[in-house]
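Student: In my numbering, the protein residues as written are 42 to 259.
Please see the structure below; I have some questions.
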């Protein structure tokens, strides 16, 4: 399966948009939390040494996301719904943290192109920095990722779809909602390609009016 064919390009749908799903009783929630802790501890124990603090943080995030998914499945939640919930939790946690730096950049920098360039540099400085991640720059708003420790870990654990939904799929709402830009990515490592090819475009007021820019959500 190639990244462009996967049904995850716009990230996980929020649980609030699916009121008939994701309802878990209090007693079940307590048991799920206990299961998550056990799974997380077991998964972290299997992690090798990471080259950077950023890759260490993100592989542990992958462990936690995997722990949530498997704990829900053990609790009897449908596997497809467990995948959706795990991806949604991951996105909500990421957004709450990443929105801080993105908000500062939006407030300080008004030019969309400059703002996009700063955001790309910030994330390549931490947590997606070399040598934990291997980047090849191909333009001011474009680069290829030749190595991703999260993809390495989750694919090795047989969780390719979790990586695609919870991490690869998160990139699109991250760029559109937090950066106010557009991302085109035709290949991903998690889908079996040789690189994740990130191609960004700044979105100006003119492009939004013409309908050519990415949607910018409040």
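In this text, a Cβ means the ideal position worked out from N, Cα and C, and glycines have one as well.
Predicted model, so just to flag it, every value in this text is computed and none were measured.
#1: When you compare each of 219, 108, 133 and 70 to residue 161 by their alpha carbons, which one comes out closest?
#2: Are the CB atoms of residue 222 and residue 151 within a distance shorter than 9 angstroms?
#3: On the three-state DSSP scale, how would you describe residue 169?
#4: Comparing alpha-carbon positions, which option in 88, 236 and 73 lies nearest residue 197?
#5: Indicate whether the contact test is met: 3 or more Cβ pairs, each with one atom in the stretch 72-83 and one in the stretch 104-112, closer than 8 angstroms.
#6: Residue 144: beta carbon under 8 angstroms from a heavy atom of the ligand MG?
#7: Excluding the 5 residues preceding and the 5 following residue 225 in the sequence, name in chain order all residues of the same chain whose CB lies nearer than 6 angstroms to its CB.
#8: If you check the beta carbons only, do residue 168 and residue 93 fall under 9 angstroms apart?
#9: Whole angstroms are fine: how far does the CA of residue 141 sit from the CA of residue 97?
#10: Hey, could you find the ends of the alpha helix (DSSP H) residue 135 is sitting in?
#11: May I have a chain-ordered list of the alpha helix (DSSP H) segments no shorter than 4 residues that lie completely inside the stretch 171-247?
#12: Look at the alpha carbon of residue 260 and the alpha carbon of residue 76, and state the distance between them as a whole number of angstroms.
#13: Residue 69 to residue 137, Cα distance in whole Å?
#14: Go through its chain and collect everything with a Cβ distance to residue 216's Cβ below 6 angstroms, but skip five positions before and after it.
#15: Please classify residue 214: is it buried, with 16 or more other beta-carbons within 10 angstroms of its beta-carbon, or exposed?
#16: Following the continuous alpha helix (DSSP H) through residue 95, name the residue where it begins and the one where it ends.
Tutor: Taking the coordinates as given:
#1: Nearest C-alpha to residue 161: 219.
#2: Not in contact: residue 151 and residue 222 (Cβ atoms no closer than 9 angstroms).
#3: In the three-state reduction of the DSSP assignment, residue 169 falls in the coil class.
#4: When each option's Cα is compared against that of residue 197, the closest is 88.
#5: With a cut-off of 8 angstroms on Cβ pairs, the stretch 72-83 is in contact with the stretch 104-112, counting three or more such pairs.
#6: Questions concerning the ligand MG fall outside what the structure shown contains, since it holds no ligand whatsoever.
#7: Take residue 225, set aside five residues on each side of it, and the residues of its chain with a beta-carbon closer than 6 angstroms to its own are 240, in chain order.
#8: Result yes, Cβ atoms of residue 168 and residue 93 sit closer than 9 angstroms.
#9: Those two C-alpha atoms are separated by around 21 angstroms.
#10: Note, residue 135: alpha helix (DSSP H), 120-149.
#11: Under the rule that a run must span 4 or more residues, the alpha helix (DSSP H) segments found entirely inside the stretch 171-247 read 190-197.
#12: For residue 260 there is no data in the structure shown, the boundaries of the chain being 42 and 259.
#13: One C-alpha to the other measures close to 26 angstroms.
#14: Within the same chain, residue 216 has close Cβ partners 222 and 224.
#15: Classification for residue 214: buried.
#16: Its alpha helix (DSSP H) spans residues 94-115.
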